[in-house]
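Here's the structure, in structure tokens; my notes come after.
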Amino acid sequence: PRLQDALTAAGGPATNSLLLLNYYNPFVKACPGSVGFVHVLNDHLAADAAQLKVPLVDVYSAFGGDAHMADHICDWTWTCDAQFNDDYHPTTAGYNIVTQTIERTLGYPGAGPSLNPMQQNNPPIQTGPPNADIRLWDV
Numbered sequence: 001p002r003l004q005d006a007l008t009a010a011g012g013p014a015t016n017s018l019l020l021l022n023y024y025n026p027f028v029k030a031c032p033g034s035v036g037f038v039h040v041l042n043d044h045l046a047a048d049a050a051q052l053k054v055p056l057v058d059v060y061s062a063f064g065g066d067a068h069m070a071d072h073i074c075d076w077t078w079t080c081d082a083q084f085n086d087d088y089h090p091t092t093a094g095y096n097i098v099t100q101t102i103e104r105t106l107g108y109p110g111a112g113p114s115l116n117p118m119q120q121n122n123p124p125i126q127t128g129p130p131n132a133d134i135r136l137w138d139v
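First residue of the sequence shown? That's 1 in my numbering, and the numbers climb one at a time after it.
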């Protein structure tokens, strides 16, 4: 509630520097029943983003969504690699997908069209000087 109050109060912090990422499902192969849980979680995150008027970065769809998540999960996370103790964090390739999705959502030059269906309802993002090639990180 305090975050919501701070973001929505007149003169509160600028929300143009915040964004919210939803979750991919690292357990899609090991536990197919987890899909419903991830949908519930992502639905809550989408509602929070809409309420707070911050962009939602659709990492779930970028990782393949319902139809293709299992096709990429072993390449884009450490989930299938026993050497890393079934770590569910992204690999370098996975972080590149996340980075590209953030850049598309923010409308960075050369990033391609937004994958975020909510972006049209969000305030413009101030990313720096016009025509600046700003990257969140290089992976």
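Backbone N, C-alpha and C fix where the C-beta goes; we use that ideal spot for every residue, glycine too. Computed from a prediction, not measured in an experiment: that's the story for all the values here.
Around the Cβ of residue 3, a 10 Å sphere holds fewer than 16 other Cβ atoms; the residue is exposed. Going by beta carbons, residue 46 and residue 56 fall inside the 8 Å limit. Per the DSSP secondary-structure output, residue 77 pairs in a beta bridge with 90.
Note that the C-beta distance between residue 59 and residue 23 is below 8 Å. The alpha-carbon of residue 31 is positioned some 25 Å away from that of residue 20. Secondary-structure assignment with DSSP links residue 57 through a beta bridge to 21. For residue 36, the enclosing alpha helix (DSSP H) has its first and last residue at 34 to 52. Cβ neighbours of residue 76 within its own chain (closer than 7 Å, five residues either side excluded): 63, 90, 91, 93, 94 and 97.
Remark: C-beta atoms of residue 82 and residue 29 do not approach each other more closely than 8 Å. Linking residue 78 to residue 26 through their CA atoms gives a straight-line distance of about 9 Å. In the structure shown, the three-state DSSP call for residue 63 is coil.
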